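In the numbering used here, the protein residues as written are 27 to 690.
Pasting the structure below:
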């Protein structure tokens with residue numbers, strides 16, 4: 027049966043490429059050039075079509091509602107500055123704010139503008155130890171593939187120094203210099219080169235400390251608490267790195283590992299460097315490495331814990347850990363846990379001063395907050411909300427993957443009085459990639475739906491920990507990458523089918539959401555199992571898994587997905603799940619695809635090509651919408667106006683297509 031479609035017209039081109047002797051048609055290849063006038067016209071017509079679809083659904087009213095009800099943002103980083111702190115947080119409506127706090131964490135002012143950096147988005151501030159006249163800034167040019175480090179003079183309000191292409195910076199209290207790691211990509215050879223450098227604001231001189239010859243996709247940098255040691259990690263993938271220690275007072279560099287290791291830095295004591303290691307055991311142990319490479323075990327592996335990192339405080343080492351995907355804080359010397367506000371939560375390091383470590387914490391029912399830890403007590407010094415949610419139940423379950431039967435953990439959040447009668451609309455989130463662990467949170471990161479609000483409105487929330495992440499150590503990550511990437515999609519489908527079998531929801535009343543690698547997940551799921559989903563929120567997605575290697579950050583991504591040039595086997599595997607190449611004539615569920623013109627992490631052609639092909643192929647009447655943000659980058663927000671508009675559209679899309687939910 028033919029279906030009348032009124033999507034904006036989109037031409038196709040006769041582009042056929044040959045890969046390892048296989049011909050591959052790419053009818054929407056012309057959409058890759060975002061500056062082409064025809065592409066700009068296509069984007070304008072798609073945005074107009076999406077505007078028209080939402081025109082009668084109360085976007086302006088939803089924006090006003092969201093602005094009025096949104097909780098304050100938690101602080102991502104906290105650092106001592108003068109008599110108080112300097113902190114960073116997501117800005118109201120998009121972007122980031124640098125704010126000043128007094129000693130009691132009361133906000134005193136916001137650094138809204140940095141003259142001389144108008145073309146950059148500043149998202150982290152790092153004060154110079156003992157100084158209030160200069161700060162280090164982590165910033166990014168709109169559309170840049172990598173951040174920039176800036177040393178900024180607060181008195182003259184001008185940048186003193188910039189270095190493009192860094193992922194990590196640290197300031198040494200021992201030398202007063204700022205240290206940073208740079209990575210540069212060669213798109214012709216698909217290789218990256220890393221170097222470690224420092225800048226001395228006293229002399230204005232930049233110095234290269236170390237530059238290995240090998241191909242490293244990303245460079246890490248950590249600083250010891252006393253500022254003497256700068257630890258460098260040269261990573262060939264997203265799990266393991268070759269580690270070096272630089273004595274900042276002498277410049278001597280010591281190679282700590284002979285081969286790449288899965289280590290997370292804790293601190294350095296004298297000439298010993300302490301790490302959490304998951305190289306020899308996925309569960310992890312705490313070790314100390316001397317400058318000559320001699321290793322000592324400080325904390326053996328635990329039967330129940332997976333160690334992920336840590337810090338030192340008051341002369342004691344503490345490890346961050348996970349127990350079945352819930353955060354734990356452990357005394358390394360004794361193995362004793364420190365009690366947290368919720369046993370099912372997420373814990374991260376926000377900053378540190380001479381006496382306390384500041385930790386960010388949240389859970390599905392505990393709003394984000396900053397905890398101060400002095401080695402003996404853990405107290406809340408800031409919370410975005412103190413509202414309790416006694417009517418909400420959080421359960422953890424395991425479902426078999428449809429591929430190989432591996433049990434996949436997921437959290438199910440619902441009201442105490444909810445019944446498993448198949449009527450509840452479900453909101454499901456997952457990521458599954460890059461060794462990234464996704465622990466419980468209060469607000470779903472793509473749609474900005476607060477979990478308690480969704481539950482109060484009658485829905486259930488499902489948070490899945492797919493393979494490809496780091497929740498169970500490197501092996502969990504490796505089981506969802508390269509030639510095992512399809513496990514991620516089979517894991518998600520297995521959880522969805524388990525929810526339906528258990529009576530918590532039904533096919534066609536499930537909303538799924540993801541971004542970036544999670545956008546690839548959404549795109550793959552909608553092409554693999556369109557019958558399961560009630561609607562799909564697909565943000566900044568990878569969709570063309572044959573051409574992604576040519577993108578600006580392609581050399582960094584082929585370590586996770588594989589390179590289609592490598593072999594016919596790899597090409598065929600990538601094509602087997604590449605969403606763009608698996609669109610077929612079928613009735614697709616409602617899909618909202620969002621991308622940004624300034625996104626160099628995942629260029630916007632991925633979303634454009636996918637939307638055009640799905641609109642042409644679908645045999646159903648459900649909307650396939652494309653929203654392209656003119657100022658949108660990989661943070662999905664763009665300008666504050668674009669952010670609010672996009673989030674409002676996502677909320678309305680969910681409410682429109684899921685039964686049993688009237689607001690979120």
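Cβ atoms here follow ideal geometry from the backbone N, Cα and C, with glycine treated the same way. Owing to the predicted nature of the structure, the values given are computational and were not obtained by experimental measurement.
Compare the Cα-Cα distances from residue 244 to each of 251, 276, 210, 224 and report the closest residue. 210
Test item: CB-CB of residue 333 and residue 312 under 8 Å: yes
Determine the closest residue to residue 590 out of 573, 605, 577, with distance taken between C-alpha atoms. 573
Could you tell me if residue 12 is buried or exposed, where buried requires 16 or more neighbouring beta carbons within 10 angstroms of its beta carbon? With the chain covering 27 to 690 only, the question about residue 12 has no answer from this structure.
Nearest-angstrom Cα separation, counted from residue 633 out to residue 180: 40 Å
Can you have a look at residue 433 and say buried or exposed, based on whether 16 or more other CB atoms are within 10 angstroms of its CB? exposed
Secondary structure at residue 689, three-state DSSP: helix, strand or coil? coil
Quick check: the segment 247-267 against the segment 278-297, are at least 3 beta-carbon pairs closer than 8 Å? yes
Among 176, 309, 484, 236, the one whose alpha carbon lies nearest that of residue 289: 309
How about the segment 493-505 and the segment 452-463: do they share at least three Cβ pairs that are nearer than 8 Å? These segments touch.
If you count every other CB in all the chains shown that lies within 10 Å of the CB of residue 325, and 16 or more means buried, which is it? buried
Rounded to whole angstroms, how far is the Cβ of residue 452 from the Cβ of residue 536, which I believe are closer than 8 Å? 5 Å
Using DSSP with H/G/I as helix, E/B as strand and the rest coil, what is residue 334? strand
How big is the Cα-Cα spacing for residue 27 and residue 644? Note that residue 27 scores a pLDDT of 34, beneath 50, so its modelled location is shaky and nothing firm can be said.
Looking only at its chain, what residues have a beta carbon closer than 7 Å to the beta carbon of residue 417, apart from the 5 residues adjacent to it on each side? Within the same chain, residue 417 has close Cβ partners 441, 442.
What is the rounded straight-line gap between the Cα of residue 672 and the Cα of residue 158? 38 Å
Taking its Cβ as the centre, do 16 or more other Cβ atoms sit within 10 Å of residue 594, making it buried, or is it exposed? exposed
So, residue 406 versus residue 519, is the Cβ gap smaller than 8 Å? no
Cβ neighbours of residue 249 in the same chain (closer than 8 Å, five flanking residues each side left out): Taking residue 249 as the centre and dropping the five residues before and after it, the same chain places the C-beta of 196, 197, 198, 205, 255, 256, 257 closer than 8 Å to its C-beta, in chain order.
Proximity winner among 623, 174, 683, 74, relative to residue 208 (alpha-carbon distances): That would be 174, whose Cα lies nearest to the Cα of residue 208.
Using the C-alpha atoms, what's the distance from residue 529 back to residue 260? 48 Å
So, residue 489 versus residue 466, is the Cβ gap smaller than 8 Å? yes
With a threshold of 6 Å on Cβ separation, who are the neighbours of residue 675 within its own chain once the five nearest residues in sequence on each side are excluded? 80
Find the nearest neighbour of residue 541 within the set 568, 383, 145, 216, judged by alpha-carbon distance. Looking at the Cα atoms, 568 is the closest of the given residues.
Just reading off the beta strand (DSSP E) that residue 136 is part of, what are its end residues? 133-137
Would the segment 343-359 and the segment 66-80 be scored as touching if the rule is three or more Cβ pairs under 8 Å? no
Are the segment 478-487 and the segment 677-687 in contact at 8 Å, needing three or more beta carbon pairs? yes
Give the list of continuous beta strand (DSSP E) stretches no shorter than 3 residues that lie fully inside the segment 642-668. 650-655
Since residue 652 contacts residue 76 with CB under 8 Å, what's their CB separation in whole angstroms? 6 Å
Using a Cβ distance threshold of 8 Å, determine whether the segment 314-325 contacts the segment 280-288, with at least three qualifying pairs required. yes
If we call anything under 8 Å between Cβ atoms a contact, is residue 521 one with residue 437? One thing to note: residue 521 has its Cβ no nearer than 8 Å to the Cβ of residue 437.
Helix, strand or coil at residue 218 according to DSSP, with G and I counted as helix: strand
So what's residue 94 in DSSP terms, helix, strand or just coil? Of the three classes helix, strand and coil, the one that applies to residue 94 here is helix, per DSSP.
Helix, strand or coil at residue 249 [DSSP, three-state]: strand
State buried or exposed for residue 464, treating a residue as buried only when at least 16 other CB atoms are found within 10 Å of its CB. buried
Per-residue burial, residue 43 [other beta carbons within 10 Å of its own, 16 or more giving buried]: It counts as exposed.
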